[in-house]
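Working notes, beginning with the structure itself.
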Amino acid sequence: MKNFPDMPESVFPEMPKICIDQKGVENLLLNLNPNKAAGPDAIPAKILRECASSLAPVLTKIFQKSLDSGCLPEAWLDANVTPLYKKGDRCIPADDCILYSKINTTEDSKRLQKDLDSLLSWEKDWQMSFNASKCFTLRVTHKKVPITNNYMMGDTVLEEVKHHPYLGVELSNDLKWSTHISQITTKANKMLGLLKRNIYYCSKSTRSIAYKSLVRPKLEYCSAICDPKHKLDRDKLEEIQNRAARFTVRDYSRDSSITKILADLEWESLHVRRTRSRLITIYKETHGLIPSNIKSFLQSPRSEMHPHTRQTGYLKYNFITTNKDCYRYSLYPRTIPEWNLLDLDTCIAPDVNSFKEKLG
(Lines of atoms letter the chains of each structure in order from A and count residues from 1; the text may use other names and numbers.)
(Lines give C-alpha, C1' and ligand atoms only; values in the text may rest on other atoms or scores of the structure.)
Protein backbone atom coordinates (compact mmCIF):
# COMPACT_ATOMS: atom_id res chain seq x y z
CA MET A 1 0.00 0.00 0.00
CA LYS A 2 1.39 3.42 -0.93
CA ASN A 3 0.57 6.92 -2.21
CA PHE A 4 -1.82 7.80 0.61
CA PRO A 5 -3.22 11.37 0.53
CA ASP A 6 -1.78 13.94 2.95
CA MET A 7 -3.56 14.28 6.28
CA PRO A 8 -5.22 17.68 6.89
CA GLU A 9 -4.17 19.82 9.84
CA SER A 10 -5.75 18.53 13.06
CA VAL A 11 -8.48 20.65 14.66
CA PHE A 12 -7.86 19.04 18.06
CA PRO A 13 -5.43 20.34 20.72
CA GLU A 14 -2.16 18.50 21.25
CA MET A 15 -2.05 15.78 23.86
CA PRO A 16 0.03 16.43 26.97
CA LYS A 17 3.29 14.52 27.18
CA ILE A 18 2.87 10.88 28.17
CA CYS A 19 5.28 9.76 30.90
CA ILE A 20 5.98 6.05 31.28
CA ASP A 21 5.94 4.89 34.90
CA GLN A 22 8.57 2.31 35.88
CA LYS A 23 6.31 0.73 38.47
CA GLY A 24 3.57 0.40 35.88
CA VAL A 25 5.93 -1.36 33.47
CA GLU A 26 7.01 -3.74 36.22
CA ASN A 27 3.40 -4.54 37.09
CA LEU A 28 2.65 -5.30 33.43
CA LEU A 29 5.61 -7.68 33.29
CA LEU A 30 4.50 -9.40 36.50
CA ASN A 31 1.02 -9.90 35.05
CA LEU A 32 2.20 -11.60 31.85
CA ASN A 33 0.57 -14.96 31.21
CA PRO A 34 3.32 -17.61 31.31
CA ASN A 35 1.18 -19.92 29.20
CA LYS A 36 1.20 -17.59 26.21
CA ALA A 37 3.49 -18.34 23.28
CA ALA A 38 6.66 -16.30 22.87
CA GLY A 39 6.90 -13.60 20.22
CA PRO A 40 9.46 -13.32 17.38
CA ASP A 41 12.21 -12.70 19.98
CA ALA A 42 11.55 -16.20 21.40
CA ILE A 43 11.71 -14.92 24.99
CA PRO A 44 9.16 -16.82 27.12
CA ALA A 45 6.76 -14.77 29.21
CA LYS A 46 7.89 -16.71 32.29
CA ILE A 47 11.42 -15.27 32.01
CA LEU A 48 10.06 -11.74 31.55
CA ARG A 49 8.00 -12.20 34.71
CA GLU A 50 10.87 -13.58 36.75
CA CYS A 51 13.16 -10.73 35.66
CA ALA A 52 10.52 -7.97 35.91
CA SER A 53 12.33 -5.88 38.53
CA SER A 54 15.57 -5.90 36.50
CA LEU A 55 13.96 -5.33 33.11
CA ALA A 56 11.51 -2.60 34.13
CA PRO A 57 14.04 0.30 34.37
CA VAL A 58 15.53 -0.48 30.95
CA LEU A 59 12.19 -1.01 29.24
CA THR A 60 10.83 2.19 30.78
CA LYS A 61 13.63 4.20 29.18
CA ILE A 62 13.11 2.47 25.81
CA PHE A 63 9.33 3.06 25.90
CA GLN A 64 9.80 6.72 26.84
CA LYS A 65 12.42 7.27 24.14
CA SER A 66 10.14 5.66 21.56
CA LEU A 67 7.23 7.92 22.52
CA ASP A 68 9.33 11.09 22.62
CA SER A 69 10.99 10.42 19.27
CA GLY A 70 7.94 8.99 17.52
CA CYS A 71 9.99 6.00 16.35
CA LEU A 72 9.78 2.28 17.03
CA PRO A 73 12.77 -0.09 17.31
CA GLU A 74 12.96 -2.27 14.23
CA ALA A 75 12.54 -5.41 16.34
CA TRP A 76 9.14 -4.15 17.48
CA LEU A 77 7.93 -4.08 13.90
CA ASP A 78 8.17 -7.87 13.66
CA ALA A 79 5.22 -10.00 14.68
CA ASN A 80 3.83 -13.48 14.12
CA VAL A 81 0.51 -12.81 12.38
CA THR A 82 -1.86 -15.42 10.99
CA PRO A 83 -4.73 -13.82 9.05
CA LEU A 84 -7.90 -15.90 9.01
CA TYR A 85 -10.18 -15.39 6.02
CA LYS A 86 -13.89 -15.64 6.85
CA LYS A 87 -15.95 -14.44 3.91
CA GLY A 88 -16.43 -11.58 1.49
CA ASP A 89 -13.81 -9.62 -0.38
CA ARG A 90 -10.21 -10.31 0.71
CA CYS A 91 -9.30 -6.69 1.34
CA ILE A 92 -8.97 -4.28 4.25
CA PRO A 93 -12.53 -3.45 5.41
CA ALA A 94 -13.78 -0.08 6.59
CA ASP A 95 -16.02 -1.03 9.51
CA ASP A 96 -18.46 0.88 11.72
CA CYS A 97 -18.93 3.82 9.36
CA ILE A 98 -22.21 5.71 9.43
CA LEU A 99 -23.55 8.38 7.12
CA TYR A 100 -26.75 10.22 7.92
CA SER A 101 -28.71 13.20 6.69
CA LYS A 102 -32.06 14.91 7.23
CA ILE A 103 -34.23 14.28 4.16
CA ASN A 104 -36.96 16.85 3.50
CA THR A 105 -36.86 16.99 -0.30
CA THR A 106 -35.70 14.89 -3.21
CA GLU A 107 -32.69 17.21 -3.46
CA ASP A 108 -31.68 16.08 0.02
CA SER A 109 -31.78 12.47 -1.22
CA LYS A 110 -29.54 13.39 -4.13
CA ARG A 111 -27.06 15.06 -1.79
CA LEU A 112 -26.96 11.95 0.39
CA GLN A 113 -26.29 9.81 -2.67
CA LYS A 114 -23.51 12.21 -3.62
CA ASP A 115 -21.99 11.71 -0.17
CA LEU A 116 -22.11 7.95 -0.73
CA ASP A 117 -20.29 8.43 -4.02
CA SER A 118 -17.67 10.48 -2.17
CA LEU A 119 -17.13 7.56 0.22
CA LEU A 120 -16.32 5.34 -2.75
CA SER A 121 -13.66 7.84 -3.82
CA TRP A 122 -12.32 7.93 -0.26
CA GLU A 123 -12.00 4.15 -0.06
CA LYS A 124 -10.00 4.09 -3.29
CA ASP A 125 -7.67 6.87 -2.11
CA TRP A 126 -7.03 5.14 1.22
CA GLN A 127 -6.93 1.62 -0.25
CA MET A 128 -9.81 0.48 1.94
CA SER A 129 -13.03 -1.24 0.93
CA PHE A 130 -16.69 -1.10 1.88
CA ASN A 131 -18.51 -4.41 1.69
CA ALA A 132 -21.73 -3.24 0.02
CA SER A 133 -23.52 -6.46 1.00
CA LYS A 134 -23.06 -5.46 4.66
CA CYS A 135 -24.16 -1.85 4.17
CA PHE A 136 -27.78 -0.88 4.79
CA THR A 137 -30.11 2.09 4.90
CA LEU A 138 -32.27 2.85 7.94
CA ARG A 139 -35.06 5.38 7.44
CA VAL A 140 -36.30 7.14 10.59
CA THR A 141 -39.59 8.95 9.99
CA HIS A 142 -43.14 9.36 11.25
CA LYS A 143 -44.44 10.64 7.93
CA LYS A 144 -47.24 8.67 6.34
CA VAL A 145 -45.74 9.28 2.90
CA PRO A 146 -41.98 9.59 3.40
CA ILE A 147 -39.55 10.57 0.69
CA THR A 148 -38.05 7.31 -0.58
CA ASN A 149 -35.01 6.62 -2.67
CA ASN A 150 -32.91 3.59 -3.60
CA TYR A 151 -29.42 4.48 -2.44
CA MET A 152 -26.50 2.95 -4.31
CA MET A 153 -22.99 1.99 -3.32
CA GLY A 154 -21.28 1.46 -6.61
CA ASP A 155 -23.47 -0.96 -8.55
CA THR A 156 -25.21 -2.29 -5.44
CA VAL A 157 -28.59 -1.09 -4.21
CA LEU A 158 -28.40 -0.81 -0.42
CA GLU A 159 -30.99 -2.87 1.42
CA GLU A 160 -33.39 -0.94 3.65
CA VAL A 161 -33.82 -2.42 7.14
CA LYS A 162 -36.07 -1.68 10.14
CA HIS A 163 -33.26 -1.99 12.68
CA HIS A 164 -29.51 -2.44 12.64
CA PRO A 165 -26.67 -2.61 15.20
CA TYR A 166 -24.23 0.24 15.54
CA LEU A 167 -21.42 0.19 18.12
CA GLY A 168 -23.28 -2.26 20.33
CA VAL A 169 -26.68 -0.54 20.17
CA GLU A 170 -29.57 -1.79 18.05
CA LEU A 171 -31.01 1.26 16.28
CA SER A 172 -34.64 0.99 15.12
CA ASN A 173 -36.51 3.02 12.53
CA ASP A 174 -39.15 3.99 15.13
CA LEU A 175 -36.44 5.09 17.64
CA LYS A 176 -37.81 2.69 20.24
CA TRP A 177 -35.59 0.44 22.31
CA SER A 178 -37.72 -2.72 22.37
CA THR A 179 -35.56 -4.58 19.83
CA HIS A 180 -32.37 -3.50 21.59
CA ILE A 181 -33.75 -4.58 24.99
CA SER A 182 -34.79 -7.97 23.63
CA GLN A 183 -31.31 -8.56 22.25
CA ILE A 184 -29.36 -7.52 25.35
CA THR A 185 -31.63 -9.49 27.70
CA THR A 186 -31.12 -12.57 25.53
CA LYS A 187 -27.34 -12.16 25.74
CA ALA A 188 -27.45 -11.46 29.48
CA ASN A 189 -29.69 -14.46 30.11
CA LYS A 190 -27.28 -16.74 28.24
CA MET A 191 -24.38 -15.46 30.33
CA LEU A 192 -26.38 -15.94 33.52
CA GLY A 193 -27.10 -19.52 32.45
CA LEU A 194 -23.37 -20.06 31.91
CA LEU A 195 -22.65 -18.82 35.44
CA LYS A 196 -25.33 -21.09 36.91
CA ARG A 197 -23.73 -24.10 35.23
CA ASN A 198 -20.17 -23.27 36.22
CA ILE A 199 -20.08 -21.45 39.55
CA TYR A 200 -23.23 -22.62 41.30
CA TYR A 201 -21.22 -24.05 44.21
CA CYS A 202 -18.90 -21.06 44.55
CA SER A 203 -19.30 -18.62 47.42
CA LYS A 204 -22.10 -16.06 47.51
CA SER A 205 -19.61 -13.20 47.04
CA THR A 206 -18.12 -14.91 43.96
CA ARG A 207 -21.56 -15.35 42.40
CA SER A 208 -22.39 -11.71 43.14
CA ILE A 209 -19.14 -10.46 41.60
CA ALA A 210 -19.68 -12.66 38.55
CA TYR A 211 -23.14 -11.16 37.98
CA LYS A 212 -21.88 -7.60 38.36
CA SER A 213 -18.90 -8.25 36.07
CA LEU A 214 -20.36 -10.44 33.34
CA VAL A 215 -24.14 -10.03 33.27
CA ARG A 216 -25.10 -6.56 34.47
CA PRO A 217 -22.75 -4.72 32.06
CA LYS A 218 -24.67 -6.31 29.17
CA LEU A 219 -27.90 -4.86 30.58
CA GLU A 220 -26.41 -1.42 31.21
CA TYR A 221 -24.33 -0.78 28.11
CA CYS A 222 -25.16 2.74 26.89
CA SER A 223 -28.01 2.81 29.43
CA ALA A 224 -27.97 6.62 29.67
CA ILE A 225 -29.32 6.66 26.13
CA CYS A 226 -31.09 3.30 25.84
CA ASP A 227 -33.42 3.81 28.82
CA PRO A 228 -36.76 2.29 27.77
CA LYS A 229 -40.05 4.02 28.57
CA HIS A 230 -42.28 0.96 28.21
CA LYS A 231 -42.90 -1.02 31.41
CA LEU A 232 -42.67 -4.27 29.44
CA ASP A 233 -39.09 -3.47 28.41
CA ARG A 234 -38.13 -2.28 31.89
CA ASP A 235 -39.54 -5.47 33.40
CA LYS A 236 -37.50 -7.61 31.00
CA LEU A 237 -34.33 -6.02 32.38
CA GLU A 238 -35.38 -6.34 36.02
CA GLU A 239 -36.33 -10.00 35.55
CA ILE A 240 -32.73 -10.83 34.62
CA GLN A 241 -31.47 -9.16 37.79
CA ASN A 242 -34.16 -10.87 39.88
CA ARG A 243 -33.08 -14.28 38.57
CA ALA A 244 -29.45 -13.37 39.22
CA ALA A 245 -30.32 -12.36 42.78
CA ARG A 246 -32.00 -15.70 43.48
CA PHE A 247 -29.00 -17.49 41.96
CA THR A 248 -26.61 -15.46 44.11
CA VAL A 249 -28.34 -16.37 47.38
CA ARG A 250 -29.48 -19.78 46.05
CA ASP A 251 -33.05 -19.13 47.08
CA TYR A 252 -35.67 -20.18 44.52
CA SER A 253 -38.59 -20.47 46.93
CA ARG A 254 -41.84 -18.88 45.76
CA ASP A 255 -42.42 -17.75 49.33
CA SER A 256 -39.24 -15.65 49.33
CA SER A 257 -39.60 -11.95 48.62
CA ILE A 258 -37.43 -10.83 45.73
CA THR A 259 -37.59 -7.29 47.14
CA LYS A 260 -36.05 -8.51 50.39
CA ILE A 261 -33.42 -10.54 48.55
CA LEU A 262 -32.37 -7.49 46.53
CA ALA A 263 -32.30 -5.37 49.70
CA ASP A 264 -30.13 -7.92 51.52
CA LEU A 265 -27.72 -7.95 48.55
CA GLU A 266 -27.82 -4.12 48.46
CA TRP A 267 -28.58 -4.22 44.74
CA GLU A 268 -30.41 -1.19 43.43
CA SER A 269 -33.02 -1.65 40.73
CA LEU A 270 -31.67 -1.25 37.21
CA HIS A 271 -34.18 1.55 36.68
CA VAL A 272 -32.60 3.56 39.51
CA ARG A 273 -29.13 2.85 38.15
CA ARG A 274 -30.17 4.04 34.67
CA THR A 275 -31.54 7.27 36.14
CA ARG A 276 -28.23 7.85 37.92
CA SER A 277 -26.37 7.09 34.69
CA ARG A 278 -28.39 9.74 32.85
CA LEU A 279 -27.68 12.32 35.56
CA ILE A 280 -23.97 11.51 35.48
CA THR A 281 -24.00 12.01 31.71
CA ILE A 282 -25.62 15.45 32.16
CA TYR A 283 -22.99 16.30 34.79
CA LYS A 284 -20.19 15.37 32.37
CA GLU A 285 -21.77 17.45 29.61
CA THR A 286 -22.38 20.41 31.92
CA HIS A 287 -18.73 20.48 32.99
CA GLY A 288 -17.28 19.90 29.52
CA LEU A 289 -15.97 16.41 30.25
CA ILE A 290 -17.55 15.01 27.09
CA PRO A 291 -18.61 16.70 23.80
CA SER A 292 -22.07 18.23 24.07
CA ASN A 293 -24.44 20.97 22.94
CA ILE A 294 -26.41 21.00 26.21
CA LYS A 295 -25.27 24.55 27.00
CA SER A 296 -27.78 25.77 24.41
CA PHE A 297 -30.53 24.79 26.86
CA LEU A 298 -29.14 26.77 29.80
CA GLN A 299 -31.55 29.06 31.60
CA SER A 300 -30.69 32.67 32.28
CA PRO A 301 -30.57 33.73 35.95
CA ARG A 302 -33.77 35.63 36.80
CA SER A 303 -33.66 36.16 40.55
CA GLU A 304 -31.73 35.52 43.73
CA MET A 305 -33.62 32.23 43.98
CA HIS A 306 -31.52 31.03 41.06
CA PRO A 307 -27.85 31.48 42.03
CA HIS A 308 -25.44 32.46 39.33
CA THR A 309 -21.72 32.94 39.79
CA ARG A 310 -18.87 33.70 37.44
CA GLN A 311 -17.17 30.46 38.50
CA THR A 312 -20.04 28.00 38.11
CA GLY A 313 -22.44 29.66 35.68
CA TYR A 314 -26.13 29.01 35.88
CA LEU A 315 -26.57 25.27 36.02
CA LYS A 316 -30.28 24.79 35.40
CA TYR A 317 -31.71 24.03 31.99
CA ASN A 318 -34.88 24.98 30.15
CA PHE A 319 -37.49 22.24 29.93
CA ILE A 320 -37.89 20.70 26.50
CA THR A 321 -41.45 20.14 25.33
CA THR A 322 -42.36 17.80 22.50
CA ASN A 323 -45.33 15.76 21.31
CA LYS A 324 -43.16 12.86 20.12
CA ASP A 325 -42.51 10.08 22.61
CA CYS A 326 -39.26 9.11 20.93
CA TYR A 327 -37.91 12.58 21.81
CA ARG A 328 -39.80 13.04 25.10
CA TYR A 329 -38.08 9.97 26.54
CA SER A 330 -34.64 10.75 25.15
CA LEU A 331 -31.75 11.96 27.30
CA TYR A 332 -32.30 15.74 27.48
CA PRO A 333 -36.11 16.06 27.75
CA ARG A 334 -36.25 13.19 30.22
CA THR A 335 -33.28 14.07 32.43
CA ILE A 336 -33.30 17.87 32.54
CA PRO A 337 -36.31 17.98 34.96
CA GLU A 338 -34.47 15.53 37.24
CA TRP A 339 -31.25 17.53 36.98
CA ASN A 340 -33.03 20.78 37.82
CA LEU A 341 -34.21 19.25 41.11
CA LEU A 342 -30.62 18.74 42.29
CA ASP A 343 -29.19 21.28 44.72
CA LEU A 344 -26.40 23.55 43.56
CA ASP A 345 -23.72 21.83 45.68
CA THR A 346 -24.41 18.58 43.84
CA CYS A 347 -24.37 20.22 40.41
CA ILE A 348 -21.00 21.88 41.04
CA ALA A 349 -19.31 18.82 42.53
CA PRO A 350 -15.57 19.04 41.72
CA ASP A 351 -15.40 15.68 39.93
CA VAL A 352 -17.50 12.74 38.79
CA ASN A 353 -16.81 10.63 41.88
CA SER A 354 -17.88 13.45 44.17
CA PHE A 355 -21.05 13.91 42.11
CA LYS A 356 -21.82 10.18 42.42
CA GLU A 357 -21.39 10.38 46.19
CA LYS A 358 -23.71 13.37 46.45
CA LEU A 359 -26.35 11.53 44.40
CA GLY A 360 -26.23 8.80 47.06
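Using my numbering, you'd call the opening residue of the sequence shown number 3 and step up by one each time. Idealized CB from N, CA, C, for every residue including glycine. If you're wondering where the values come from, they're calculated on a predicted model, not measured in any experiment.
- One alpha carbon belongs to L239, the other to I183, and they sit about 8 Å apart.
- Collapsing the DSSP output to three states places T139 in a strand.
- Following the DSSP letters along the chain, one finds S123 inside the alpha helix (DSSP H) bounded by residues 108–127.
- In this structure, DSSP gives P18 a state outside helix and strand, which the three-state scheme calls coil.
- Ranking L343, I45, N106 by CA distance to the CA of L281 puts L343 first.
- Closest in C-alpha terms to D80, from the list C349, V274, H232, D43, comes D43.
- In the three-state DSSP reduction, L272 falls in the helix class (H, G or I).
- T288 sits in a helix when the DSSP states are folded into three classes.
- In this structure, the alpha-carbon of A246 lies about 20 Å from that of K233.
- When the alpha-carbon of D176 is set against those of K189, Y203, K145, R199, the nearest one is in K145.
- When C-beta atoms of the stretch 149–161 are compared with those of the stretch 128–140, three or more pairs fall below 8 Å, so the two segments count as touching.
- In this structure the stretch 270–286 lies against the stretch 347–359, because at least three pairs of beta carbons, one per stretch, are closer than 8 Å.
- Looking at the backbone, the Cα of K214 and that of L221 are separated by about 10 Å.
- For L173, the beta-bridge partners assigned by DSSP are H166.
- Membership of S68 in the alpha helix (DSSP H) is indicated by the continuous run 54–71.
- Of S271, T277, W128, the smallest CA-CA separation from E340 is found for T277.
- By the C-beta criterion, the stretch 102–113 is judged not to be in contact with the stretch 71–78, since fewer than 3 inter-stretch pairs fall below 8 Å.
- Within the same chain, and ignoring the five residues on either side of L32 in sequence, the residues whose Cβ sits closer than 7 Å to its Cβ are R51, A54.
- Three or more beta-carbon pairs drawn from the stretch 16–26 and the stretch 62–76 are found closer than 8 Å, and the two stretches are therefore classed as touching.
- Residue environment: C73 is assigned as exposed (fewer than 16 neighbouring CB atoms within 10 Å of its CB, all protein chains considered).
- Annotated three-state conformation of V217 is helix, per DSSP.
- R218 places its beta carbon 7 Å or farther from that of T250.
- Cβ-Cβ distances below 7 Å link Y329 to P335 in the same chain, with the five nearest sequence neighbours on each side left out; the list follows chain order.
- Inclusion of T188 and I242 in the CB contact set at 7 Å is not warranted, their separation being larger than that value.
- When DSSP states are grouped into helix, strand and coil, V159 belongs to the strand group.
- Annotated three-state conformation of L101 is coil, per DSSP.
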